[in-house]
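J.: Sharing a structure, written as structure tokens. Questions coming.
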Amino acid sequence: MTRDQLLQAYHDMLLIRRFEEKAGQLYGMGLIGGFCHLYIGQEAVVVGMQACLEPGDQVITSYRDHGHMLATGMEARGVMAELTGRSGGYSRGKGGSMHMFSREKGFYGGHGIVGAQVSLGTGLAFSNWYRESRNVSLTYFGEGASNQGQVYESFNLAALMKLPVIFIIENNKYGMGTSVERASASHDLSKNGAAWGIPGEQVNGMDVTAVKEAGERAAAHCREGKGPYLLEMKTYRYRGHSMSDPAKYRTREEVQKMREQSDPIETARKMLLEQDVSEAELKKIDDEVKAVVQEAADFAQKSPEPDEAELWTDVLLEAPVMEAR
Amino acid sequence: MPRRTMVEAIRDALDVMMARDPRVVVFGEDVGYFGGVFRCTEGLQRKYGASRCFDAPISETGIIGVAVGMGAYGLRPVAEIQFADYMYPGYDQIVSEAARLRYRSAGEFTAPMVVRMPCGGGIFGGQTHSQSPEALFTHVAGLKTVIPSNPYDAKGLLIAAIEDDDPVIFLEPKRVYNGPFNGHHDQPIVPWARHPLGETPDGHYAIPLGQAAVRREGAAVTVLAYGTMVHVAEAAAEETGVDAEIIDLRSLVPLDVETIVRSVMKTGRCVILHEATRTSGFGAELSAQVQERCFHHLEAPILRVTGWDTPYPHAQEWDYFPGPDRVGRALRAVLEE
Ligand SMILES: Cc1ncc(C[n+]2csc(CCOP(=O)(O)OP(=O)(O)O)c2C)c(N)n1
Ligand SMILES: [Mg+2]
Numbered sequence: 000m001t002r003d004q005l006l007q008a009y010h011d012m013l014l015i016r017r018f019e020e021k022a023g024q025l026y027g028m029g030l031i032g033g034f035c036h037l038y039i040g041q042e043a044v045v046v047g048m049q050a051c052l053e054p055g056d057q058v059i060t061s062y063r064d065h066g067h068m069l070a071t072g073m074e075a076r077g078v079m080a081e082l083t084g085r086s087g088g089y090s091r092g093k094g095g096s097m098h099m100f101s102r103e104k105g106f107y108g109g110h111g112i113v114g115a116q117v118s119l120g121t122g123l124a125f126s127n128w129y130r131e132s133r134n135v136s137l138t139y140f141g142e143g144a145s146n147q148g149q150v151y152e153s154f155n156l157a158a159l160m161k162l163p164v165i166f167i168i169e170n171n172k173y174g175m176g177t178s179v180e181r182a183s184a185s186h187d188l189s190k191n192g193a194a195w196g197i198p199g200e201q202v203n204g205m206d207v208t209a210v211k212e213a214g215e216r217a218a219a220h221c222r223e224g225k226g227p228y229l230l231e232m233k234t235y236r237y238r239g240h241s242m243s244d245p246a247k248y249r250t251r252e253e254v255q256k257m258r259e260q261s262d263p264i265e266t267a268r269k270m271l272l273e274q275d276v277s278e279a280e281l282k283k284i285d286d287e288v289k290a291v292v293q294e295a296a297d298f299a300q301k302s303p304e305p306d307e308a309e310l311w312t313d314v315l316l317e318a319p320v321m322e323a324r
Numbered sequence: 000m001p002r003r004t005m006v007e008a009i010r011d012a013l014d015v016m017m018a019r020d021p022r023v024v025v026f027g028e029d030v031g032y033f034g035g036v037f038r039c040t041e042g043l044q045r046k047y048g049a050s051r052c053f054d055a056p057i058s059e060t061g062i063i064g065v066a067v068g069m070g071a072y073g074l075r076p077v078a079e080i081q082f083a084d085y086m087y088p089g090y091d092q093i094v095s096e097a098a099r100l101r102y103r104s105a106g107e108f109t110a111p112m113v114v115r116m117p118c119g120g121g122i123f124g125g126q127t128h129s130q131s132p133e134a135l136f137t138h139v140a141g142l143k144t145v146i147p148s149n150p151y152d153a154k155g156l157l158i159a160a161i162e163d164d165d166p167v168i169f170l171e172p173k174r175v176y177n178g179p180f181n182g183h184h185d186q187p188i189v190p191w192a193r194h195p196l197g198e199t200p201d202g203h204y205a206i207p208l209g210q211a212a213v214r215r216e217g218a219a220v221t222v223l224a225y226g227t228m229v230h231v232a233e234a235a236a237e238e239t240g241v242d243a244e245i246i247d248l249r250s251l252v253p254l255d256v257e258t259i260v261r262s263v264m265k266t267g268r269c270v271i272l273h274e275a276t277r278t279s280g281f282g283a284e285l286s287a288q289v290q291e292r293c294f295h296h297l298e299a300p301i302l303r304v305t306g307w308d309t310p311y312p313h314a315q316e317w318d319y320f321p322g323p324d325r326v327g328r329a330l331r332a333v334l335e336e
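Sequence order for the protein chains is Z and D. For the first sequence, position 154 (counting from the first letter as 1) is numbered 153 according to numbering that gives the first Met the number 0, and the numbering increases by one without interruption. For the second sequence, position 232 (counting from the first letter as 1) is numbered 231 according to numbering that gives the first Met the number 0, and the numbering increases by one without interruption.
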């Protein structure tokens, strides 16, 4: 990465980190309800991958989606207002934390059902292939999701038809309260596509430069018409699975050690300082990010509740006719 | 008598059955080491070992399919689907395998198994943590569908379900896991420890599937409800002062038609409640049953109060949930006819 690219990546990762911290605070204050899954610790994955994209490429992921959205350039305020269930949210309060979309930014969701987005992402890749475009579908899922049958049905179809899809397994070591060792007989998930001849790599997902390099190899492979590519990102989530997580399945020390030794933002920061970026320059980025997040939080509290009529819209094109009861 | 929450009652039922019957095997996502996201299986792996209580990978198709095979060859699997909203990948195995094995083998093989699933809304879970899919099961011949509304019933019905020789879908209205939520979301719930139905005897007892319970006797209108809506009905009856007879169905298939018919013949009016969407909901079946059997005794059209025909909303949960106000309005309306 060039110095400027790394500065940009630092900014983007920090934005996600601060956004998620703020979301956690608002949740604690009761301003956000329901299910909310934070991305803290995994920022390098989406930021590194986003740097490999061209206009028209698609991104699709699971419910742990705030980072992905911010990385595509979706606005922090629209994401935060969806978390608070307001009309200014990306899904006008209908989707919540797990379900947001942006055609403009090529973001196809935000999906609550574990594994479902993998087939959808394969369909996006089919559309690219059908249109003979250069575009690639970035299909993210967790290591827990990698045990769903439809993941392998998708692998087969993508390999069979040489569809331009990068399957990205975000291996953060846990699916809810169950560690990867307890749920998966495969230990090197990058080989999970081997039966279909899908090339795969394990990547240090805590290092944004390593992610970008691997992402570029994968994207080039897809754009050359060689079919799907699999990246296993070795990463870690610092916070609980969702906001209600008793955290009984791992030790505090384990989390502490990851934070201290391989934090993606700290790592980027050190690299920047070594490249003669000044503390003042970094401080300026910190302040900018803080302001954006604060503005998003304010907006998310001020934006009005959805209109009652919204209960009936977007079910089908024509709203269902309901008698008052 | 010991008091238990619904979670504790379910855990106790599993514990009792695992101790009595070595064929009982409990599994599902996060069920073993972690003890289940709602803690229904906490401690079971430690007590019975990982071959009797294990973590399944995230694969609902696999969980249900494996249970069918286990049941066909002599075990009594109790599988957990973490939320009913996640059963769809396993639905094919439920419908095409579990429900049909007995029929297509002319009784040679069966699938005695229980699939436990937390269901229903009121927890601000949006469209992927709030659904009430009971009608998708009651519509399938070859399945039993059970839904308790309180700890005492949960334990007795779960034991009966595990002992049953056919596949049983066991729906757990998660909003009443810790207390009888009555739809007043702005008021604190009474914990089960202070409710008579929180009393659950130790050891083994079974409540036969297919027996409804009359929760409140009344002469003016029969209310048919199950799960969380039983408590909503009680609140609505109390708040409107309508002399309602509230029947907790407990089991949808088999259905206690006799208790329903006896009550409607007495009251001449009927209101049916469920959280699930209205069109083709289980209320439609109930309405048809009542109409077919009690037509000449009905003094007013049967009314249904249900969820709207929309996906379960995120921000507008309380506009969707059929709470005590809506139920109360129906109770009054059916009396005005
Ligand atoms: C079909 C389905 N089954 C189960 C769940 C419940 N669930 C939500 S997240 C999760 C764990 C997923 O872990 P992983 O894929 O590793 O993603 P991570 O949460 O670590 O990002 C589970 C079991 C679900 N949402 N959908
Ligand atoms: Mg994971």
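Backbone N, C-alpha and C fix where the C-beta goes; we use that ideal spot for every residue, glycine too. Given the structure is predicted, the values throughout are model-derived calculations rather than measurements.
For a test of the three-state rule: what should DSSP assign to Met28 (chain Z), helix, strand or coil?
T.: Note: Met28 (chain Z) maps to coil in three-state DSSP.
J.: Could you spell out the range, first to last residue, of the beta strand (DSSP E) harbouring Gly199 (chain Z)?
T.: Here the beta strand (DSSP E) through Gly199 (chain Z) covers Gly199 to Asn203.
J.: Return the bridge partner residues of Glu169 (chain Z) from the DSSP annotation.
T.: DSSP lists Z:Gly141 and Z:Met232 as partners of Glu169 (chain Z).
J.: What's the call for Val314 (chain Z), buried or exposed, on a 16-neighbour Cβ count within 10 Å?
T.: Val314 (chain Z) should be labelled exposed.
J.: According to the neighbour-count rule (16 or more other Cβ atoms, all chains shown, within 10 Å of its Cβ), is Tyr102 (chain D) buried or exposed?
T.: Exposed, since its Cβ has fewer than 16 Cβ neighbours within 10 Å.
J.: Are the C-beta of Gln186 (chain D) and some C-beta of chain Z separated by less than 9 Å?
T.: Not one chain Z Cβ lies under 9 Å of Gln186 (chain D).
J.: Would Ala295 (chain Z) and Val46 (chain Z) be called neighbours here (beta carbons separated by less than 9 Å)?
T.: No, Cβ-Cβ distance for Ala295 (chain Z) and Val46 (chain Z) is not below 9 Å.
J.: Quick one: residues in its chain with C-beta nearer than 7 Å to the C-beta of Ala43 (chain Z), no 5 flanking neighbours on either side, listed in chain order?
T.: The residues are Met12, Gly204, Met205, Asp206, Val207, Val210 and Pro263.
J.: Here's the rule: buried if 16 or more other CB atoms are within 10 angstroms of the residue's CB, otherwise exposed. What is Met97 (chain Z)?
T.: The residue in question, Met97 (chain Z), is buried, as its Cβ has 16 or more Cβ neighbours within 10 Å.
J.: Give a yes or no on whether the C-beta atoms belonging to Arg331 (chain D) and Thr266 (chain D) are separated by under 9 Å.
T.: Cβ atoms of Arg331 (chain D) and Thr266 (chain D): not closer than 9 Å.
J.: Throw me the rounded Cβ distance for the His313 (chain D) and Gly33 (chain Z) pair, which I believe falls under 8 Å.
T.: With 8 Å as the limit, His313 (chain D) and Gly33 (chain Z) qualify as a contact, their Cβ atoms being about 7 Å apart.
J.: Are the segment 215-234 of chain Z and the segment 164-180 of chain Z touching by the rule of at least three beta carbon pairs closer than 8 Å?
T.: The segment 215-234 of chain Z is in contact with the segment 164-180 of chain Z.
J.: So with CB distances below 9 Å, who are the chain D contacts of Ile112 (chain Z)?
T.: Ordered by position in chain D, the residues that pass the 9 Å Cβ test against Ile112 (chain Z) are Asp84, Tyr85, Tyr87, Pro88 and Thr127.
J.: Just checking, does the segment 175-188 of chain Z make contact with the segment 49-56 of chain D on the three C-beta pairs under 8 Å criterion?
T.: These segments touch.
J.: What residues of chain D sit near Gln348 (chain Z), judged by a beta carbon separation below 7 Å?
T.: Beyond the ends of chain Z as shown, which are 0 and 324, falls residue 348 (chain Z); an answer cannot be given.
J.: Three or more C-beta pairs under 8 Å: does that hold for the segment 169-182 of chain D against the segment 109-123 of chain D?
T.: The segment 169-182 of chain D vs the segment 109-123 of chain D: in contact.
J.: Measure the beta-carbon distance from Arg222 (chain Z) to Val135 (chain Z) and round it to whole angstroms, keeping in mind my assumption that it falls under 8 Å.
T.: That pair is a contact at about 6 Å.
J.: DSSP beta-bridge partners for Ile168 (chain D)?
T.: According to DSSP, which records beta bridges pairwise, Ile168 (chain D) is partnered with D:Val114 and D:Thr144.
J.: Quick check: does the Cβ of Met68 (chain Z) come within less than 8 Å of any heavy atom belonging to ligand 1?
T.: Result no, Cβ not under 8 Å from ligand 1.
J.: Following the continuous alpha helix (DSSP H) through Gly84 (chain Z), name the residue where it begins and the one where it ends.
T.: Unbroken run through Gly84 (chain Z): none, as it is neither H nor E.
J.: Counting only beta-carbon atoms, is Asp29 (chain D) nearer than 9 Å to chain Z?
T.: At least one chain Z Cβ lies under 9 Å of Asp29 (chain D).
J.: Does the beta carbon of Thr177 (chain Z) come closer than 9 Å to any beta carbon on chain D?
T.: Yes, Thr177 (chain Z) lies at the interface with chain D (some Cβ there is under 9 Å from its Cβ).
J.: Which partner residues of Glu269 (chain D) appear in the DSSP bridge assignment?
T.: Per the sequence shown, residue 269 (chain D) should be read as Cys rather than Glu. Bridge partners of Cys269 (chain D): D:Thr221.
J.: In chain Z, which residues lie with their C-beta within 7 Å of the C-beta of Val113 (chain D)?
T.: Ordered by position in chain Z, no residue passes the 7 Å Cβ test against Val113 (chain D), which lies about 22 Å from the chain.
J.: Determine the closest residue to Val220 (chain D) out of D:Glu41, D:Arg261, D:Glu162 and D:Ala8, with distance taken between C-alpha atoms.
T.: Checked all of D:Glu41, D:Arg261, D:Glu162 and D:Ala8; the closest Cα to Val220 (chain D) is D:Arg261.
J.: Nearest CA to the CA of Leu302 (chain D): which residue from D:Glu336, D:Arg292 and D:Pro310?
T.: Leu302 (chain D) has its Cα closest to that of D:Glu336, out of D:Glu336, D:Arg292 and D:Pro310.
J.: Restricting to Cα atoms, I'd like to know which of Z:Gly27, Z:Glu309, Z:Tyr26 and Z:Gln41 is closest to Asn265 (chain Z).
T.: The question names Asn, yet the displayed sequence has Glu at residue 265 (chain Z). Glu265 (chain Z) has its Cα closest to that of Z:Gln41, out of Z:Gly27, Z:Glu309, Z:Tyr26 and Z:Gln41.
J.: Which term fits Arg249 (chain Z), buried or exposed, when burial requires 16 or more other beta carbons within 10 angstroms of its beta carbon?
T.: Looking at its Cβ environment, which holds fewer than 16 other Cβ atoms inside 10 Å, Arg249 (chain Z) is exposed.
J.: Taking Cβ-Cβ distances shorter than 8 Å, what residues in chain D pair up with Met28 (chain Z)?
T.: By Cβ distance, chain D contributes nothing, its closest Cβ being about 15 Å from Met28 (chain Z), past 8 Å.
J.: Anything in chain Z within Cβ reach of Gly124 (chain D), meaning under 8 Å, just list it in chain order.
T.: Gly33 and Phe34, listed in chain order.
J.: Apply the 10 Å Cβ neighbour rule to Lys256 (chain Z) and answer buried if 16 or more other Cβ atoms are within range, or exposed otherwise.
T.: By the 10 Å Cβ count, Lys256 (chain Z) comes out exposed.
J.: When you compare the CB of Tyr107 (chain Z) with every CB in chain D, is at least one pair closer than 9 Å?
T.: Judged by the 9 Å Cβ criterion, Tyr107 (chain Z) is not in contact with chain D.
J.: CB Arg174 (chain Z) to CB Val117 (chain Z), shorter than 9 Å?
T.: Looking at the sequence provided, one finds Gly at residue 174 (chain Z) rather than Arg. In this structure, Val117 (chain Z) does not lie closer than 9 Å to Gly174 (chain Z) by Cβ.
J.: Look at the alpha carbon of Leu281 (chain Z) and the alpha carbon of Ser302 (chain Z), and state the distance between them as a whole number of angstroms.
T.: Their Cα atoms are separated by approximately 32 Å.
J.: Taking only beta carbons into account, state which residues of the segment 190-210 of chain Z come closer than 8 Å to chain D, listed in chain order.
T.: Taking 8 Å as the Cβ-Cβ cut-off against chain D, none of the residues of the segment 190-210 of chain Z qualify.
J.: Is Phe26 (chain D) helix, strand or coil when you go by DSSP?
T.: If DSSP states are grouped into helix, strand and coil, Phe26 (chain D) belongs with the strands.
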